[in-house]
Amino acid sequence: MKRLNGALIAAALVIAVVPLLGRSGADFNGSDSEGMTAIASLAPGYQPWFKPLWQPPSTEVESLLFALQAALGAGVLGYYLGYRRGRREQNRAGD
Amino acid sequence: MHIMEGYLPPLHALAWTVAAVPFVLRGARKVAKLMEERRETRLLLAASGAFAFMLSALKLPSVTGSCSHPTGVGLGAILFGPSITTVLGSIVLLFQALLLAHGGLTTLGANIFSMAIVGPWVSFFVLRSVGALGAPQAVGVFLAAMLGDLATYCVTACQLALAFPDPASGFGGALVKFLAIFAVTQVPLAIIEGLVTVVAVNLMLQYSREEMFAVAFLKGGAFLKGGAR
């Protein structure tokens, strides 16, 4: 099972890295912002009628918050799996 | 797939919000019931939410030369069913709308509808169908997470095409444009989400079988065989 999981993670990494190598000239914009560009071409007069209440002041702060979100998720998930694994091994030792 | 703040006309924003509210309320009731009857599953629920938190923060490059991110809600749909996952996904979307200016409050309803309602329901039905066909569990998990992810982005494309039809070719023309941007970019990412979700389920099956049987079997036992059905 360990080997299978490793292979699956490796496959996921390859799929993520291949575009970076194969399309090295591309700008890798977010598809969300490309969607907004498409809206601008379909409805040139459209103005967003509501603005975000708060916006990260720079792309650095924005990437900080995204990293924080991922770290929070990974932290909780890692805690959970580690806790369960420890419990399981404790139960086995007790049997 | 997050539609940015203010980018849906007011009537559309309202309509998607009205459509999403009953699902969110139903999900909230189910979470409350789960915490009452199966309180021991709260850590697994937190872990499923954490998985969505983690994956939806990862902007990954795609073969189209642009970036997008997985949704991470397939795991919740597989373990807890789609209604409870609607709540998990909504929390992620609200967090991103308020703190990251990613998505928005006026578009929250539409984004919940695509990522926290349609995605998880598609995952759920795919899992059941594949399970009914007798395919191995990992195949079901992979397809459920992958197709749920893809469905989310197709819904986003539909939502935008409805709001911004092409002046010449109408809804259909706009849909093709938005699908090219969102759905095509998403294909490799959806595959990644499918693979990673299989790993997550494998790890959970290994370390917390009891907990998984407690929830995964509640509603007709989506995919696990044997155990405390």
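Protein sequences appear in the order of chains A and B.
Going by this note's numbering, the first residue of the first sequence is number 15, and it counts up by one from there.
Going by this note's numbering, the first residue of the second sequence is number 66, and it counts up by one from there.
All residues carry an ideal CB built from backbone N, CA and C; glycine is no exception.
Treat the numbers as computed from the prediction; the structure is a model and nothing was measured.
Neighbour flag for residue i against chain A, beta carbons, 8 Å
i, result
"Leu283(B)", "Only weak support is given to the placement of Leu283(B): the predicted model assigns it a pLDDT of 44, under 50, and the question is left unresolved by the model."
"Gln271(B)", "yes"
"Asn267(B)", "yes"
"Asp231(B)", "yes"
"Cys55(B)", "Chain B is shown only over 66 to 294; residue 55(B) falls outside these bounds and no answer can be derived."
"Gly286(B)", "No answer about Gly286(B) holds up, because its pLDDT of 46 lies below 50 and its placement is not dependable."
"Glu70(B)", "yes"
Which residues DSSP lists as bridging residue i, in chain order
i, result
"Asn267(B)", "Asn267(B) is not bridged to any residue."
"Leu125(B)", "Ser133(B)"
"Gly235(B)", "Asp231(B)"
Neighbour-count burial assignment, residue i, 16 or more Cβ in a 10 Å radius
i, result
"Gly285(B)", "Low local confidence applies: a pLDDT of 42 at Gly285(B) is under 50, so the model's placement there is unreliable, with the coordinate-based value given in what follows. Per the 10 Å Cβ criterion, exposed."
"Arg104(B)", "exposed"
"Val83(B)", "exposed"
"Trp81(B)", "buried"
"Glu103(A)", "exposed"
"Gly146(B)", "buried"
"Pro34(A)", "In the sequence on display, residue 34(A) carries Leu and not Pro. By the neighbour-count rule (16 or more Cβ atoms within 10 Å), Leu34(A) is not buried but exposed."
"Arg98(A)", "buried"
Nearest residue (CA-CA) to residue i, options the options
i, options, result
"Thr151(B)", "Met119(B), Ser113(B), His134(B)", "Ser113(B)"
"Thr106(B)", "Trp81(B), Ile149(B), His67(B)", "Ile149(B)"
"Thr172(B)", "Gln224(B), Arg193(B), Pro126(B)", "Gln224(B)"
"Val24(A)", "Ala181(B), Val261(B), Pro74(B), Phe236(B)", "The sequence given here places Ala at residue 24(A); Val does not occur at that position. Answer by Cα proximity: Val261(B)."
"Leu86(A)", "Val157(B), Lys124(B), Thr129(B)", "Val157(B)"
"Leu170(B)", "Tyr272(B), Ser273(B), Pro75(B)", "Pro75(B)"
"Ser179(B)", "Leu165(B), Ala197(B), Pro135(B)", "Pro135(B)"
"Ala21(A)", "Arg274(B), Ala279(B), Val280(B), Ile257(B)", "Ile257(B)"
Delimiting residues of the alpha helix (DSSP H) encompassing residue i
i, result
"Ser188(B)", "184–197"
"Pro155(B)", "Reading the sequence as shown, one finds Ser at residue 155(B) and not Pro. Per DSSP, Ser155(B) belongs to the alpha helix (DSSP H) from 147–164."
"Ala107(A)", "73–108"
"Met15(A)", "Unbroken run through Met15(A): none, as it is neither H nor E."
"Thr82(B)", "75–102"
"Ala54(A)", "45–56"
"Ser113(B)", "107–120"
"Leu67(A)", "Here Leu67(A) belongs to no alpha helix (DSSP H), and DSSP marks it neither H nor E."
"Gly174(B)", "173–176"
Unbroken beta strand (DSSP E) run spanning residue i, endpoints
i, result
"Ser38(A)", "Where Ser38(A) is concerned, there is no enclosing beta strand (DSSP E), given that its DSSP letter is neither H nor E."
Interface flag, residue i vs chain B, CB-CB below 8 Å
i, result
"Pro71(A)", "no"
"Gly49(A)", "yes"
"Arg106(A)", "no"
"Gly44(A)", "yes"
"Arg98(A)", "yes"
"Ile23(A)", "yes"
"Arg37(A)", "yes"
"Glu76(A)", "yes"
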